Amino acid sequence: MKKMTRQAVFRKLGALYERMASVYADTSAKIGLSCEGCEENCCTSYFQHHTYVEWTYLWQGLNQLPEDKRNEYIQRSEDYVRNAKAMMENGMRPKIMCPLNDDGLCGVYKHRLMICRMHGVVNTLRQPNGRQLSFPGCFKCQDLTKEMENVPVVDRTPLYKELVGLEMGLLGNKIRTLPKVDLTLAEMIVMGPPNLNG
Ligand code: SF4
Ligand code: SF4
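This is the structure in structure tokens:
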């Protein structure tokens with residue numbers, strides 16, 4: 145894909161995120177899954193994210209916030225990174241509330257990342273090497289689907305392919321030289337917006 149302006153990439157990413165939300169809403173409705181009153185907020189899940197385009201867009205959202213709010217999130221992210229490192233050094237998988245979660249509400253709702261949008265329902269992803277990955281959905285989804293026939297499954301592959309296309313559109317030829325992204329959301333916040341000139 146040809147290099148695109150940042151504005152065009154963001155517009156397309158916003159539209160892609162809307163489509164993810166609509167696929168998610170259809171699927172969760174079929175399962176009967178609702179986050180309302182959920183006793184386990186999944187924003188404590190530990191994930192890495194892998195694209196510059198989502199990292200850049202996340203920062204566009206953060207930069208729209210009042211400075212003191214943004215600084216609060218940065219401070220919480222620093223705590224998160226430190227605590228997650230300590231847990232991993234003790235052989236535990238971190239389970240810490242996302243630094244952007246304010247009493248159950250996402251502080252960057254429109255700019256939240258793909259995994260945040262897909263986690264709840266059963267979904268699959270075919271990687272470029274042909275490997276098929278399956279995700280069972282959240283604990284509530286697993287409970288609701290355990291005796292269900294023909295469980296609705298979201299195939300994340302076409303959505304992910306579009307995301308990769310936008311990554312290429314944002315980075316152009318630099319996609320070959322920039323280091324791979326493998327960061328938690330907290331790390332993306334602590335590091336600041338990505339430097340795309342590398
Ligand atoms: S996706 Fe699942 S675990 Fe997360 S808040 Fe919704 S119901 Fe709860
Ligand atoms: S970015 Fe928002 S939706 Fe994603 S884990 Fe953090 S608070 Fe939850």
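Count the sequence shown with my numbering and you get residues 145 to 342, in order. Here a beta-carbon is modelled for each residue, glycine too, at the ideal position from N, C-alpha and C. Please read all numbers here as calculations on a predicted model, not as lab measurements.
Contact under 8 Å by Cβ, residue i with residue j
{"i": "L314", "j": "R155", "result": "no"}
{"i": "A299", "j": "H194", "result": "What sits at residue 299 in the sequence shown is Asp, not Ala. Not in contact: D299 and H194 (Cβ atoms no closer than 8 Å)."}
{"i": "Y190", "j": "R237", "result": "yes"}
{"i": "V167", "j": "L310", "result": "no"}
{"i": "R220", "j": "P243", "result": "yes"}
{"i": "R261", "j": "A152", "result": "no"}
Residue i: CB within 7 Å of a non-hydrogen atom of ligand 3
{"i": "N185", "result": "Questions concerning ligand 3 fall outside what the structure shown contains, since the ligands it does hold are ligand 1 and ligand 2."}
N-terminal and C-terminal residue of the alpha helix (DSSP H) that residue i is part of
{"i": "F154", "result": "150-175"}
{"i": "Q204", "result": "196-207"}
Counted within 10 angstroms of its Cβ, other Cβ atoms place residue i as buried (16 or more) or exposed
{"i": "L157", "result": "buried"}
{"i": "P210", "result": "exposed"}
{"i": "T289", "result": "buried"}
{"i": "A228", "result": "buried"}
beta-carbon residue i near ligand 2 non-hydrogen atom, thresh 7 Å
{"i": "L329", "result": "yes"}
{"i": "N227", "result": "no"}
Distance cut-off 7 Å: residue i Cβ against heavy atoms of ligand 1
{"i": "L177", "result": "yes"}
{"i": "K239", "result": "no"}
{"i": "G264", "result": "yes"}
Delimiting residues of the beta strand (DSSP E) encompassing residue i
{"i": "R214", "result": "Per DSSP, R214 belongs to no beta strand (DSSP E); it is in the alpha helix (DSSP H), 211-233."}
Check whether the region 167-179 and the region 255-269 touch, using three or more Cβ-Cβ pairs below 8 Å as the test. Between the region 167-179 and the region 255-269 there are three or more inter-stretch CB-CB distances shorter than 8 Å, so the stretches are counted as touching.
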